[in-house]
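Okay, so here's the structure we're looking at.
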Amino acid sequence: MRNNDHALKKSTFLLLHISLLFSSLSGVCSKKASGYTDHIFSLPFIFWFGLVFVIMFGYAIIWQQILKRMPLTVAYANRPVTLIWGIVWGALIFGEKITWNMIAGAAVIFAGIYLVTSDNTGKDGEDS
Numbered sequence: 007m008r009n010n011d012h013a014l015k016k017s018t019f020l021l022l023h024i025s026l027l028f029s030s031l032s033g034v035c036s037k038k039a040s041g042y043t044d045h046i047f048s049l050p051f052i053f054w055f056g057l058v059f060v061i062m063f064g065y066a067i068i069w070q071q072i073l074k075r076m077p078l079t080v081a082y083a084n085r086p087v088t089l090i091w092g093i094v095w096g097a098l099i100f101g102e103k104i105t106w107n108m109i110a111g112a113a114v115i116f117a118g119i120y121l122v123t124s125d126n127t128g129k130d131g132e133d134s
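Numbering (this note's numbering), first residue to last: 7 to 134.
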């Protein structure tokens, strides 16, 4: 039974991070749409801006499912990982420069996520 609980926690954590990955893509779509703000009724603007809504709609549904299976504090502590994805997307898609400060900030974010998620207490604060 304990292995089954552990597998469920792992799959929920993986689903959380996949949803955060897709959430970060809404920022990419927003930036793409911003290139067409002179013509907000153009097809490219409507496409990129509409994609933001589609991504966030899907993210909201998945987020609700995650919150049913994971403490809110743990789920929220993982949300800053989208900043790291933003750094990655900025470099890969937009050719933005990654600085040492960004890398240091990403390391701090990962350290914080690790500290929050490595806690050995259960949902109600009891040791598991």
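Built from N, CA and C at the ideal position, the CB exists for glycine as well. Predicted model only: the values in this text are computed from it and were never measured.
**OP:** With distances taken Cα to Cα, identify the nearest neighbour of Ala83 among Ile68, Thr43, Leu26.
**Re:** Out of Ile68, Thr43, Leu26, Leu26 has the C-alpha closest to the C-alpha of Ala83.
Original post:
Helix, strand or coil for Pro77 per DSSP?
Top reply: Note: Pro77 maps to coil in three-state DSSP.
**OP:** Return helix, strand or coil for Lys5, following the three-state DSSP convention.
**Re:** Any answer about residue 5 is impossible in this case: the structure gives the chain only from 7 up to 134.
Original post:
Does the beta-carbon of Ser124 have 16 or more other beta-carbons within 10 angstroms, so that it is buried, or is it exposed?
Top reply: Within a 10 Å sphere around the beta-carbon of Ser124 sit fewer than 16 other beta-carbons, which makes this residue exposed.
Subject >> At least three beta-carbon pairs within less than 8 Å, the segment 41–54 to the segment 16–30 >> reply: By the criterion of at least three beta-carbon pairs nearer than 8 Å, the segment 41–54 is not in contact with the segment 16–30.
Subject >> Given Asn107 as reference, the closest of Tyr42, Thr43, Leu89 once Cα atoms are compared >> reply: Cα-wise, what sits closest to Asn107 is Leu89.
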